[in-house]
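*Asks:*
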Amino acid sequence: MADVAIPRAKPQMSEDNAWTRLKHNRNWLGFWFMVPAMAFLIFFLAYPLGLGIWLSFTDTRIGRVGHFVGVENYEWLWDDSIFWLSVFNTLLYTFVASALKFAIGLYLALLLNENMPFKAMLRAMVLIPFIVPTVLSALAFWWIFDSQFSIISWSLKHLGLINQNINFLGDTTWARICVIFANIWRGVPFVAITLLAGLQTVSPSLYEAATLDGATRWQNFRFITYPLLTPIIAVVMTFSVLFTFTDFQLIWAMTRGGPVNATHLMATLSYQRAIIAGQLGEGAAISSAMIPFLLAAIMVSWFGLQRRKWQQGENND
């Protein structure tokens, strides 16, 4: 019997290519969806950051291409008393404002989470300071604290408590208090509304069970509310610290860093040295010096507040 030749099937082409993986592998699909966002971040964030760090190692000025000078700008800043004053002002401004924004924002969130009349209207009113443009807020506070036309000084004089106007923005201590107060007024709504959103996710049955067991309101907050809010607190406080540390508009519109550099933050000093004085290299060095502080704030949130034991309300011992 003659052998019948059976045609062999043609070997299939290898399908191990990017498009096949794109069809069958969700990881690759997620990667391609992330490419536009990655390109956006690289172009608008990574590139300016890298350029700023490079400029900090040069003597670039406005209208003149600079040359590489190594760490000369940083050595100059190390001996600059105004720079260290701005570092102190920035840390003081950030710590005090962030702590008070958290305390007041948490109180407002707990208050707005209760059943009360006109609750929706009150929640909307809380957002007003946050949605007003920063410069308009700064100008309003500039008039409120004006040395001649301050409504505060006018009221206190008519009450017979003072004899002359208070120079709020002309005194170093008062100026620091005023800019911190303005930042708190503007930042509290962000903290309050974010924490309120977190409170909405806490099941009421947890409070009911705790109340049946005889728990007080403070015990409910300590053992139920706070542990469940910890991840949200970590996120909101990280953003609050970053926004406060890099604040520029509020300070520049109210005081320009004065009086006697008492309210100069690192951001405002960098702008003054780089743009107004034309020393781009020195201004970039001041901006680059902010990076370690910002990274420290992020690390505290990532490795501290977001640890699993904190989220579960356990001790770290």
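Numbers in our numbering are just positions in the sequence shown, counted from 1, shifted up by 6. Even for Gly, the Cβ is constructed at its ideal location relative to N, Cα and C.
Measuring straight from C-alpha to C-alpha, what distance separates residue 286 and residue 144?
*Replies:* 27 Å
*Asks:* Please state whether DSSP places residue 229 in a helix, a strand or coil.
*Replies:* helix
*Asks:* Starting from residue 197, follow the alpha helix (DSSP H) in both directions and report where the run begins and ends.
*Replies:* Run containing residue 197: 178 to 205, per the alpha helix (DSSP H) assignment.
*Asks:* Evaluate the contact criterion for the stretch 73 to 81 versus the stretch 157 to 177: three or more CB pairs, one atom per stretch, below 8 Å.
*Replies:* no
*Asks:* Given a cut-off of 8 Å on the beta-carbon distance, is the pair residue 242 and residue 271 in contact?
*Replies:* no
*Asks:* What are the start and end residues of each continuous alpha helix (DSSP H) run of 4 or more residues lying completely inside the stretch 259 to 309, in chain order?
*Replies:* 272 to 277 and 286 to 306
*Asks:* In terms of alpha-carbon separation, which member of 101, 111 and 67 lies closest to residue 192?
*Replies:* 111
*Asks:* Who are residue 70's beta bridge partners in DSSP?
*Replies:* 67
*Asks:* Quick check on residue 100: does DSSP put it in helix, strand or coil?
*Replies:* helix
*Asks:* Could you check where the alpha helix (DSSP H) with residue 123 kicks off and where it finishes?
*Replies:* No alpha helix (DSSP H) holds residue 123; DSSP gives it neither H nor E.
*Asks:* So, for residue 103: in the same chain, excluding its five sequence neighbours on each side, which residues have a beta-carbon less than 8 Å away from its beta-carbon?
*Replies:* Result list for residue 103: 186, 189, 190, 193 and 250, in chain order.
*Asks:* Cβ atoms of residue 72 and residue 294: under 8 Å apart, would you say?
*Replies:* Their beta carbons are not under 8 Å apart, which means residue 294 does not touch residue 72 by this criterion.
*Asks:* What is the rounded straight-line gap between the Cα of residue 230 and the Cα of residue 203?
*Replies:* 16 Å
*Asks:* What are the boundary residues of the alpha helix (DSSP H) that residue 142 is part of?
*Replies:* 140 to 150
*Asks:* When you compare each of 218, 269 and 152 to residue 179 by their alpha carbons, which one comes out closest?
*Replies:* Taking residue 179 as reference, the option from 218, 269 and 152 with the minimal CA-CA separation is 269.
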